[in-house]
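So the structure is just underneath, and the comments pick up after that.
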Ligand SMILES: [Zn+2]
C-alpha cells in the first residue's frame, strides 16, 4: 500500500515534512512503512560506485564471498537483490608513479580472479544488451576507473583498460593528474589538452566520463566536451556544504546533459554532524528532485570506500531499508528509476 506515494514529493516534502524530520532526527526510524519490498519482484539495484577492489587489493586475505570486513560481498549482493554493481579501480596516492598502471592491472586481476572466476553468476557487462540478458540469479559487474592517474599520459593505457572491460572513466580523484585537477587541488585547473583527448576518446568508444571528484573548472570543461557524462557518487552542496558535493548550477547542467547522478552514502557528504540516517539521503534526493533531476538520479553507494556508514545502511544487503523508505515518499515507478533505470537507460553502449 503506497499511502504516502506522491504526497511528500519535492517542495512539499522539503517545506513541510522536513522541519519535522530534522528536529526529530533520531526518532525517525525506517520501520512500519506501508509496503515491504518483496525480494526478487521489486528490488533490482544498479549501484554506480563501490571500492571493494581497492579494499581487496589492500588486504589480499579478504574473501569476496562473505567477509565481515567488506560492505559489498557476493552474499550481500544476492541478499540485497543487486542487478548491476560498478567496481571502481582506484589506485591510492601512496603508490609510486612508475607503478600506478601495474597496480590498476593488479586490481583488475582481483576482479577477474577473485570475483568473476570464483562466482560465475557475476557477469562482466559492457553493453545495455548484456545487462538486459542477465538471467535470474546473475548479477552484472561494470568495471570503472576512478581517477586517470593510473594511465599517466598514455592513451594506449586507457584503451587497454577499455579492452579489459572498463566502461566508465572518472577523470580524477581529489588531487591533480595529467588529465585535470581534482576538487581538493587548490589550483583548481580544468582539463589539460591531454584531458580533452581522454574525454574525446571516451566519446568515441561510448564510455561514460565521470565527473565525481573533479575540480569545478574541470566539470565545466567536461560539460562542453563530454558526450556521455555521469556523476557516479556526488551529493548536493545546498544540503551539505562539502566541496565534493555539486552546486545547483552543476546539477542543472547535468540535467541538461542528460547525465545520471548517483546519490552517495558517504556520511560527510550527507550532513554535517555525527550520525546520519536514511532521511539524510532522502533530503539530497528531495533537493535533486526540486531542481528537476527526478529522472536522473540513482545511487553510487561508495561502499568499501568509507569508514563510517549511514545508520541502517551499513552494508549492501541493507539496500532494502533504503528502498522501503523511498517507497514511503515516491511512486514505484520513480523508485525504480532511482534504484535502476536512470543509470541503466543512460549506459552508452
Ligand atoms: Zn570516490
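Numbering (this note's numbering), first residue to last: 1385 to 1733.
Cβ atoms here follow ideal geometry from the backbone N, Cα and C, with glycine treated the same way.
**Report entry** Whole-angstrom distance between residue 1514 and residue 1757, CA atom to CA atom
**Finding:** The structure shown does not extend to residue 1757, since the chain is modelled only from 1385 to 1733, so the question has no answer here.
Query raised in the report: What are the start and end residues of each continuous alpha helix (DSSP H) run of 4 or more residues lying completely inside the region 1662-1722, in chain order?
Result: With a minimum length of 4 residues, the continuous alpha helix (DSSP H) runs that stay inside the region 1662-1722 are 1662-1674, 1703-1713, 1716-1720.
Query raised in the report: Start and end of the alpha helix (DSSP H) containing residue 1654?
Result: 1651-1654
Report task. Note down the Cα distance separating residue 1672 from residue 1525, rounded to an integer number of angstroms. Result -> 27 Å
**Report entry** Beta-carbon proximity check, residue 1601 vs residue 1574, cutoff 7 Å
**Finding:** yes
Query raised in the report: Taking the alpha carbon of residue 1482 as the point to measure from, which residue in 1538, 1716, 1581 has its own alpha carbon closest?
Result: Taking only the C-alpha atoms, the option nearest residue 1482 is 1538.
**Report entry** C-beta contact flag for residue 1430 and residue 1728 at 7 Å
**Finding:** yes
Requested in this report: Report buried or exposed for residue 1640, applying the criterion of at least 16 other Cβ atoms within 10 angstroms of its Cβ.
Outcome: Exposed, by the Cβ-count rule.
Query raised in the report: Three-state secondary structure (DSSP) at residue 1593?
Result: strand
Report task. Note down the Cα distance separating residue 1446 from residue 1701, rounded to an integer number of angstroms. Result -> 18 Å
Query raised in the report: Quick one: what's got a C-beta closer than 8 Å to residue 1531's C-beta in the same chain, skipping five residues either side?
Result: 1474, 1475, 1554, 1555, 1556, 1557, 1561, 1566, 1597
**Report entry** Euclidean distance between Cα positions of residue 1437 and residue 1691
**Finding:** Their backbone Cα atoms lie some 15 Å apart in a straight line.
Report task. May I ask whether a heavy atom of ligand 3 can be found less than 6 Å away from the beta carbon of residue 1603? Result -> For the structure depicted, ligand 3 is absent and the ligand set comprises only ligand 1.
Query raised in the report: Excluding the five sequence neighbours on either side, which residues of its own chain have a C-beta within less than 6 Å of the C-beta of residue 1518, listed in chain order?
Result: 1524
Report task. For residue 1571, name the three-state secondary structure that DSSP assigns. Result -> coil
Query raised in the report: Within 10 angstroms of its Cβ, does residue 1497 collect 16 or more other Cβ (buried), or is it exposed?
Result: exposed
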